[in-house]
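Residue numbers (my numbering): 834 to 1116. So the structure is just underneath, and the comments pick up after that.
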């Protein structure tokens, strides 16, 4: 290739990247359910990178676990934050971004990106989505269709922190409408997602800080549960939805800097996240 052609390709590539960034929704911060409203923005929060922790915003289920106290400051509109989609946000997201930057060579943005499926085609700008408190979501028909299309086009969705049969039923109410024709299965231990960076043959249940006698004292939520690592595959054998059922990986990111939180949970949670991201970027 000649120097002129090389330069032309470089300019064209830069133009494409600029075009993609131009269509992305700008970074914004919402009120968090856990009162994380005083976390300072890192100085490089506007940096353009190859990977961003995109967090899925979703409407609240009327039978959500948090019930009548789920809305902060009188907020009743999930699009304004303060509801279940903001659990662990943004502290967990920023801790995980920091860990991913340190443990891999991926260019990682230091702040998260809340993504609303109702914002036109914006979701297609973010090939990785994460969401927590999955027993609390209730997608609209339009959102189910948009999410299905996003995933079948190559997007990846990681779902975390839902426990027991009641929360599973509320979760599945929406998931069945996203993929009525696809089965949720246990991910085989030999699957590449467990071996992309770390060999994760020993996957134990990750407890949330709330289950350790700390804030909330909700250890009863764990009683009788067993960690399950589930997923949904596309027609080519690509895992496009991964689920950590009966574990709280989000808390293992959120509390990774707290000496009172067991290191073994954060160690496994970070490695799971790293594997899932690298898998999502390479499959």
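Where is the CB? At the ideal position from N, CA and C, for every residue including glycine. None of the values given here were measured: they were computed from a predicted structure.
- Between residue 959 and residue 1008, what straight-line distance do the alpha-carbon atoms span, to the nearest angstrom? In the chain shown, counting from the first residue as 1, residue 959 sits at position 126. In the chain shown, counting from the first residue as 1, residue 1008 sits at position 175. Cα to Cα, residue 959 sits roughly 20 Å from residue 1008.
- Task: Pick helix, strand or coil for residue 1112, following the three-state DSSP scheme.
- Result: If you number the chain shown from 1, residue 1112 lands on position 279. Reduced to three states, the DSSP call for residue 1112 is helix.
- Query: Whose C-beta lies closer than 7 Å to the C-beta of residue 1058 among residues of the same chain, with five residues either side of it excluded?
  - Reply: Walking along the chain shown from the start, residue 1058 turns up at place 225. These residues qualify, in order along the chain: 996, 997 and 1079.
- Message: DSSP has residue 1078 in a bridge; who is on the other side?
- Response: The count along the chain shown starts at 1 and reaches residue 1078 at position 245. According to DSSP, residue 1078 bridges with 995 and 1061.
- Tell me the start and end of each unbroken alpha helix (DSSP H) in the region 964-1035 that is at least 4 residues and wholly inside, in chain order. 974-985 and 997-1011
- Query: What did DSSP end up calling residue 874 once you bin it into helix, strand or coil?
  - Reply: The sequence position of residue 874 within the chain shown is 41, counting from 1. Here residue 874 sits in coil by DSSP.
- Item | Rounded C-alpha distance that separates residue 929 from residue 895 | Walking along the chain shown from the start, residue 929 turns up at place 96. Walking along the chain shown from the start, residue 895 turns up at place 62. Cα-Cα distance, rounded: 30 Å.
- Task: Compute the beta-carbon to beta-carbon distance between residue 1106 and residue 933, rounded to the nearest angstrom, for a pair I have assumed lies under 8 Å.
- Result: Counting from one through the chain shown, the residue named residue 1106 turns up at place 273. Counting from one through the chain shown, the residue named residue 933 turns up at place 100. About 7 Å; that satisfies the 8 Å criterion.
- Message: Taking the straight line between their C-alpha atoms, what separation do you get for residue 1089 and residue 1096?
- Response: Your numbering for residue 1089 matches position 256 in the chain shown. Your numbering for residue 1096 matches position 263 in the chain shown. When rounded, the distance between both Cα atoms is 7 Å.
- Throw me the rounded Cβ distance for the residue 969 and residue 898 pair, which I believe falls under 8 Å. Looking up residue 969 in the chain shown gives position 136. Looking up residue 898 in the chain shown gives position 65. Right, their Cβ atoms sit about 6 Å apart.
- Query: To which residues of the same chain is residue 967 closer than 6 Å at the C-beta, ignoring the five residues directly before and after it?
  - Reply: Walking along the chain shown from the start, residue 967 turns up at place 134. Here the set comprises 992, 995 and 1004.
- For residue 1094, I'd like the list of residues in its chain whose CB is within less than 6 Å of its CB, leaving aside the five on either flank, ordered along the chain. Reading the chain shown from its first residue, position 261 is the one you call residue 1094. Cβ within range, chain order: 1042 and 1088.
- Message: Restricting to Cα atoms, I'd like to know which of 948, 1100, 888 and 858 is closest to residue 1035.
- Response: In the chain shown, residue 1035 corresponds to position 202, counting from 1. When each option's Cα is compared against that of residue 1035, the closest is 1100.
- Task: Please check the pair residue 949 and residue 912, which I expect to be a contact at CB under 8 Å, by giving their CB distance rounded to whole angstroms.
- Result: Counted from its first residue, the chain shown places residue 949 at position 116. Counted from its first residue, the chain shown places residue 912 at position 79. Confirmed, about 6 Å.
- Assign residue 1115 to one of two classes, buried (16 or more other C-beta atoms within 10 Å of its C-beta) or exposed (fewer than that). As a first step, residue 1115 is located in the chain shown; it is residue number 282 there, counting from the start. The residue is exposed, with fewer than 16 neighbouring Cβ atoms inside 10 Å.
- Go ahead and pull the three-state DSSP assignment for residue 1100. For this step, residue 1100 is matched to residue 267 along the chain shown. It is helical.
- Message: Can you find the residues in the same chain that come closer than 6 Å, C-beta to C-beta, to residue 1020, ignoring five residues on each side of it along the sequence?
- Response: Translated into the one-based positions of the chain shown, residue 1020 becomes position 187. So the qualifying residues of the chain are 1062 and 1064.
- Task: Identify, in the order they occur along the chain, each residue of the same chain with its Cβ nearer than 6 Å to the Cβ of residue 865, setting aside the five sequence neighbours on each side.
- Result: Within the chain shown, residue 865 is the residue found at index 32, counting from 1. Closer than 6 Å at the Cβ level, and outside the excluded window around residue 865, lie 919 and 922.
- Do residue 1081 and residue 1033 come within 8 Å of each other at the CB atom, strictly closer than that value? By one-based count along the chain shown, residue 1033 stands at place 200. By one-based count along the chain shown, residue 1081 stands at place 248. Going by C-beta atoms, residue 1033 is not nearer than 8 Å to residue 1081.
- Pairwise C-alpha distance: residue 1026 and residue 1037: Residue 1037 sits at position 204 when you count from the first residue of the chain shown. Residue 1026 sits at position 193 when you count from the first residue of the chain shown. Those two C-alpha atoms are separated by around 16 Å.
- Task: For residue 846, collect the residues of the same chain with a Cβ closer than 6 Å to its Cβ; drop the 5 residues on either side in sequence, then sort them by chain order.
- Result: In the chain shown, counting from the first residue as 1, residue 846 sits at position 13. Residue confidence for residue 846 is low, a pLDDT of 40 falling below 50, so the modelled location carries little weight and cannot support an answer.
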